[in-house]
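**Q** Residue numbers (the numbering used here): 458 to 511.
#1: In whole angstroms, what separates the C-alpha of residue 473 from that of residue 490?
#2: Could you check the C-alpha separation between residue 483 and residue 495 for me, to the nearest Å?
#3: Can you grab the Cα-Cα spacing for the pair residue 487 / residue 459, in whole Å?
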């Protein structure tokens, strides 16, 4: 294995770890957005009931 191929392997692994981190960040962002949407839906469902009760 020459020096160039070793460098390429190191570079590739670094890139992969960066991409992996970004993917995890995006997934957590999506999760949060989903939770927020669910919470908003819950609030929307509950407000008419509260109005009816009052």
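Backbone N, C-alpha and C fix where the C-beta goes; we use that ideal spot for every residue, glycine too.
Just so you know, these numbers come straight off a predicted model, no measurement behind them.
**A** Concretely, from the data shown:
#1: 26 Å
#2: 18 Å
#3: 42 Å
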